Every structure is written in C-alpha cells, then in structure tokens.
Amino acid sequence: MIIMLILISGVLLGYIFRKQLKDKNLSNIINLTLILLVFFIGVSTGKMETNAISTVITSLEFCILTMFVTLIIATVIMNKMKTRKLFKN
Numbered sequence: 097m098i099i100m101l102i103l104i105s106g107v108l109l110g111y112i113f114r115k116q117l118k119d120k121n122l123s124n125i126i127n128l129t130l131i132l133l134v135f136f137i138g139v140s141t142g143k144m145e146t147n148a149i150s151t152v153i154t155s156l157e158f159c160i161l162t163m164f165v166t167l168i169i170a171t172v173i174m175n176k177m178k179t180r181k182l183f184k185n
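Residue 97 is where the sequence shown starts when you use the working numbering, and the numbers rise one by one after that.
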C-alpha cells in the first residue's frame with residue numbers, strides 16, 4: 097500500500113511541476129535509483145543462507161527454457177507471416 101501511495105504522490109508531483117520539469121533530464125536520476133535498488137536487493141539476498149549451486153542451476157534451467165520457448169514462438173510467427181505473404185524472402 098505504501099508503494100502505491102508513493103507512486104501516486106510522484107504522479108501528482110510530476111503533474112503539478114510538469115512545466116518546470118519539461119527541460120530537465122531525469123534519466124540519470126532514474127538510472128542511479130534503479131542501480132541502487134538492484135544493489136540493495138542483492139545485499140538482502142546475500143544475507144539469506146541459500147545453496148548457491150542449486151540457485152544457479154535453477155536460474156540456468158529457466159534461462160534455457162525461456163530461450164527455447166521464445167525461439168519456438170518466433171518460428172511459429174514467422175511461418176504464419178510467410179504463409180500469409182506478409183514477410184518476403
């Protein structure tokens with residue numbers, strides 16, 4: 097619930113100050129905030145006692161599964177596009 101309140105307050109502040117923020121580049125601040133978020137997620141994960149080898153193996157399994165499913169879906173879509181003559185050789 098707190099996250100939603102922070103998000104809504106950010107939207108409201110952005111709406112109120114949109115003319116002043118129009119010329120500002122906020123991408124550096126957003127990138128730094130995301131890097132810090134990932135860092136602190138890593139710190140909190142590192143505090144837990146886990147079996148690192150099983151975690152790495154599980155991650156690799158999901159990675160390989162995701163790649164194969166993506167390739168299968170892309171192949172099916174490309175074949176459908178070829179049969180409908182939307183994609184030329």
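We put the CB at the ideal spot given by N, CA and C, even for glycine. Computed from a prediction, not measured in an experiment: that's the story for all the values here.
May I have the straight-line CA-CA distance separating residue i from residue j, to the nearest angstrom?
i: LEU108; j: ARG114; result: 10 Å
i: ASN124; j: THR179; result: 45 Å
i: ASP119; j: THR129; result: 20 Å
i: PHE164; j: LYS176; result: 18 Å
i: GLU157; j: LEU101; result: 37 Å
i: THR171; j: LYS143; result: 42 Å
i: LEU133; j: LEU103; result: 16 Å
i: SER155; j: SER140; result: 18 Å
i: ILE112; j: ILE168; result: 47 Å
i: ILE153; j: CYS159; result: 10 Å
i: LEU161; j: THR151; result: 15 Å
i: ILE173; j: GLN116; result: 45 Å
i: ILE149; j: PHE135; result: 21 Å
Pick out whichever of the options has its Cα sitting closest to the Cα of residue i.
i: ILE126; options: GLU145, GLY106, GLN116, GLY138; result: GLY106
- Message: For a minimum of 4 consecutive residues, which ranges assigned as the alpha helix (DSSP H) are wholly contained in the region 114 to 149?
- Response: Taken in chain order, the unbroken stretches of alpha helix (DSSP H) that lie wholly in the region 114 to 149 and span 4 residues or more are 114 to 117, 123 to 143.
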